[in-house]
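What follows is one structure encoded as C-alpha cells, with my remarks underneath.
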C-alpha cells in the first residue's frame with residue numbers, strides 16, 4: 310500500500326484511508342456544460358444564418374468556453390479537495406464549498422460514538438454510494454456528514470476497525486506503562502521509575 314502524508318500529520322500517525330466523493334457528483338456540472346454547448350451551438354447557427362460577420366460567433370464561442378472552464382474547473386476543484394482522511398488515531402473531513410470556502414472537521418477516533426450510512430435511490434444503489442453520518446463527542450455540529458461517498462459500508466467498517474485497533478494498542482501501551490511506572494516493590498533496587 311502506498312504511504313500518504315499530509316500537512317499537520319502527527320509523528321507516528323499512519324494514514325489508513327483517503328476518500329473523495331463518488332465521481333457521480335460531477336454529473337450536474339457535466340449537464341450544465343452540455344447545456345451551454347447546446348445553447349452556444351444554436352445561437353451560433355442562428356447568428357451565422359443572418360450575418361456573414363464572424364465577430365459575434367467568436368464572442369459567443371469565447372463566452373461559452375469561459376463558462377465551461379469556470380463551471381468544470383470549479384466543480385472539479387471542489388470534488389478533488391473535498392476529502393476524508395482516516396488515520397490510525399483520528400478522522401479528518403475537508404469540505405470544500407467553492408473556490409474560497411473550506412471547512413475542516415477533525416475528531417479523534419476515541420471520540421466517535423456512532424457511525425451509520427445511508428444509500429437512497431436507484432442510482433446510488435446501483436453505483437454503491439451514499440452518505441456517511443458520524444456522531445462524535447466534542448464536535449460543534451450534531452453529526453459529521455460525508456456526502457456521496459463511494460462504498461460507505463466499507464468506509465464505516467474501516468473506521469470501526471481503526472477504532473478497535475486503537476483501543477487494542479492503547480490497552481497494550483497502558484499495560485506496558487504500568488509495568489514500567491510501578492516496578493515490583495519486593496525488589497529493593499534503585500532503578501529509575503521512568504526510563
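Residue numbers (the working numbering): 310 to 504. Glycine included, every Cβ here is placed at the ideal spot set by N, Cα and C. These figures come from a predicted structure and were not determined experimentally.
Put residue i into one of helix, strand or coil per three-state DSSP.
i	result
residue 364	helix
residue 404	strand
residue 320	coil
residue 350	helix
residue 356	helix
Tell me which residues share the same chain as residue i and place their Cβ nearer than 8 Å to its Cβ, disregarding the 5 neighbours each side in the sequence.
i	result
residue 310	Any reading at residue 310 is ruled out, since the residue's pLDDT is 47, under 50, leaving its predicted position unreliable.
residue 467	325, 326, 395
With a threshold of 7 Å on Cβ separation, who are the neighbours of residue i within its own chain once the five nearest residues in sequence on each side are excluded?
i	result
residue 349	369, 370, 373
residue 366	353, 356, 357
residue 382	none
residue 436	331, 333
Note down, in chain order, each residue of its chain lying with its Cβ closer than 6 Å to the Cβ of residue i, except the 5 sequence neighbours on either side.
i	result
residue 485	Residue confidence is low: residue 485 scores 44 on pLDDT, short of 50, so the model does not pin down where it sits. Its coordinate-derived value is still stated next. Closer than 6 Å at the Cβ level, and outside the excluded window around residue 485, lies no residue.
residue 417	399
residue 414	402, 453
residue 317	none
So residue i and residue j are supposed to be a Cβ contact under 8 Å. How far apart are they, rounded?
i	j	result
residue 398	residue 347	Going by Cβ atoms, the distance from residue 398 to residue 347 rounds to 50 Å, so no, they are not a contact pair.
residue 462	residue 331	Rounded, the Cβ-Cβ distance is 13 Å, inconsistent with contact.
residue 392	residue 328	7 Å
residue 547	residue 376	The structure shown does not extend to residue 547, since the chain is modelled only from 310 through 504, so no value can be given for it.
Practice task
At 3 residues or longer, and completely inside the region 407-459: list those beta strand (DSSP E) runs for me, N to C.
Solution key: Those beta strand (DSSP E) runs which fall completely within the region 407-459 and span 3+ residues are 411-417, 421-427, 438-445, 453-459.
Handout entry: Validate contact between the region 425-432 and the region 466-478 using beta carbons, cut 8 Å, 3 pairs
Key = No, because fewer than three Cβ pairs between the region 425-432 and the region 466-478 fall closer than 8 Å, the two stretches do not touch.
Practice task
Decide if the region 398-406 is in contact with the region 340-347; the criterion is three or more beta carbon pairs, one per stretch, under 8 Å apart.
Solution key: Counting Cβ pairs under 8 Å, fewer than three are found: no touch.
Problem - Cβ pair count under 8 Å reaching 3, the region 432-450 against the region 414-423 - result: Inter-segment contact for the region 432-450 and the region 414-423 is present: three or more beta-carbon pairs are separated by less than 8 Å.
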